[in-house]
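S.K.: Residue numbers (the numbering used here): -9 to 84.
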C-alpha cells in the first residue's frame, strides 16, 4: 500500500494563519482544516519567520523547497527488464 501525500492549499494556509492569529490550538486548527495536527506543527515550524506565520510567505517558501527538490527519475524499461537477470547471474550493476 502506498501513501499519497498532498500539499497544503493556499486556502488551508489562510485557515492556519487565521487560527494562529485567533490563538487557536494547533489541534483545533488541524481538525478544522482536515489534516493531522503534526501537519500544522510542521507547517508552522518550517514556514514561520521571526515566530510569525503568514500564508503568502509560507506558500512562497514551500514552492521554493519544491523547486529545489530532486525529481523522480524512472529507470529505462530495458534496464528494469535486464537488471534482475544480470543480478541472478551474479553480475554487478557497478
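We put the CB at the ideal spot given by N, CA and C, even for glycine.
Taking only the alpha-carbon atoms, compute the straight-line gap between residue 17 and residue 29 and give it to the nearest angstrom.
M.R.: Translated into positions along the chain shown, residue 17 becomes position 27. Translated into positions along the chain shown, residue 29 becomes position 39. Cα to Cα, residue 17 sits roughly 10 angstroms from residue 29.
S.K.: In the DSSP assignment, find the alpha helix (DSSP H) that holds residue 58 and state where it starts and stops.
M.R.: Within the chain shown, numbered from 1, the residue matching residue 58 stands at position 68. Segment 45 to 58, the alpha helix (DSSP H) holding residue 58.
S.K.: Check whether the Cβ atoms of residue -4 and residue 49 sit closer than 8 angstroms, and answer yes or no.
M.R.: Within the chain shown, residue -4 is the residue found at index 6, counting from 1. Within the chain shown, residue 49 is the residue found at index 59, counting from 1. Contact: no.
S.K.: DSSP on residue 82, reduced to helix/strand/coil?
M.R.: Against the chain shown, residue 82 aligns to sequence position 92. Looking at residue 82 - three-state DSSP - the assignment turns out to be coil, as it is neither helix nor strand.
S.K.: Among residues of its own chain, excluding the 5 on either side of residue 34, which ones have a beta-carbon nearer than 8 angstroms to its beta-carbon?
M.R.: Position 44 of the chain shown holds residue 34. Cβ neighbours of residue 34 beyond the five flanking positions: 6, 10, 16 and 43.
S.K.: Return the CA-CA distance between residue 69 and residue 52, expressed in angstroms with no decimal places.
M.R.: Stepping through the chain shown from its first residue, residue 69 is reached at position 79. Stepping through the chain shown from its first residue, residue 52 is reached at position 62. Whole-angstrom Cα-Cα distance: 34 angstroms.
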